[in-house]
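As structure tokens, the structure follows; a few thoughts come after it.
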Amino acid sequence: MAEIAETEYWIESSGGRLYAKSWMPAVLRSQQPIILFHDSLGCITLWRDFPEQLARSLGRRVMAYDRLGFGRSDARDDLLTQDFITSEAERFVPLLCEQLSVRDFVACGHSVGGGMAVEAGARFGEGCHAVITIAAQAFVEEKTLQGIRIAQQEFKSAETFARLAKYHGSKAEWVLHAWIDTWLASERAGWSLDPALKKLHCPVLAIHGDRDEYGSEAHPRRIAAGRGPVYIMPDTGHVPHREHPALVLKAIEDFLA
């Protein structure tokens, strides 16, 4: 198996330090790295071995980071504002690119991270060569809100909450509220990715499971419309890269080829 070199980084920001990691294959087949954006309850660790597999199958450097307040990055005590998806691309992605010496890249995100990948693509223009979304939301849908309400009840169980705390430590309570309170707020209702999608000029691959509990197939279709392929995965829920990793890797490899 090809050797993958893993490197850890600490990135200074005005709000605190961000934890980042990169996976570098011994033989590079492309100079454009892939930046991974995690979901609402995610962090680097929860990508599991997906970044390594991606680096190996594509022959590209793959990098991921814990957003401020998540995983091993510093805690934050402010509430997320409703423009948090846009501001992630404006505030933090430039710091990541600067400190990890990235000039151009491919953006890939899971769930809300998919929205951040779209925003990064819109902000960086020609610096972003492609966008890949996995189970992303493009607008506020009742199915999304219903999925969050169900999860809200499930997280009242000490056992379920403990699983979250395993990855976020003392930040787990903030992480949970950042997700639930932001999405269920009445002012969220009018949000969509449409402004960013209008500015996006690179190819897009939108991957979605046909059993995704947080969004219908309308999301990937809107994200990819006129920009690239939609891949609806059968018998797949909200985490396609964990449920069927080989299929997701193959779809990404074919798309970037």
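Residue numbers (the numbering used here): 5 to 261.
We put the beta carbon where it would ideally sit given N, CA and C, even for glycine.
Buried or exposed: Glu92, going by 16 or more other Cβ atoms within 10 Å of its Cβ? buried
Helix, strand or coil, according to DSSP, for Leu22 in the structure here? strand
Segments of 4+ residues assigned as alpha helix (DSSP H) that fall wholly inside the segment 138–177: 146–158, 162–172
Within the same chain, show all residues whose beta-carbon is closer than 6 Å to that of Gly131, passing over the 5 residues directly before and after it, in chain order. Asp108
Asp43 and Val116 closer than 7 Å at C-beta: yes
Which class does Gly129 belong to by DSSP, given the choice of helix, strand or coil? helix
My understanding is that Gly119 touches Gln141, with C-beta atoms under 8 Å, so please give their C-beta distance in whole angstroms. 6 Å
Just reading off the alpha helix (DSSP H) that Glu247 is part of, what are its end residues? 244–247
When you compare only the Cα positions, how much space is there between Gln150 and Thr186? 14 Å
Limits of the unbroken beta strand (DSSP E) element including Glu12: 8–17
Which parts of the segment 34–105 are runs of the beta strand (DSSP E), unbroken and 3 residues or longer, counting only runs that do not cross its ends? 38–41, 66–69
Pick from Pro199, Gly230, Ala189 that is closest to Val208, judged by C-alpha positions: Gly230
Find out if the Cβ-Cβ distance for the pair Gln57, Leu253 is shorter than 7 Å. yes
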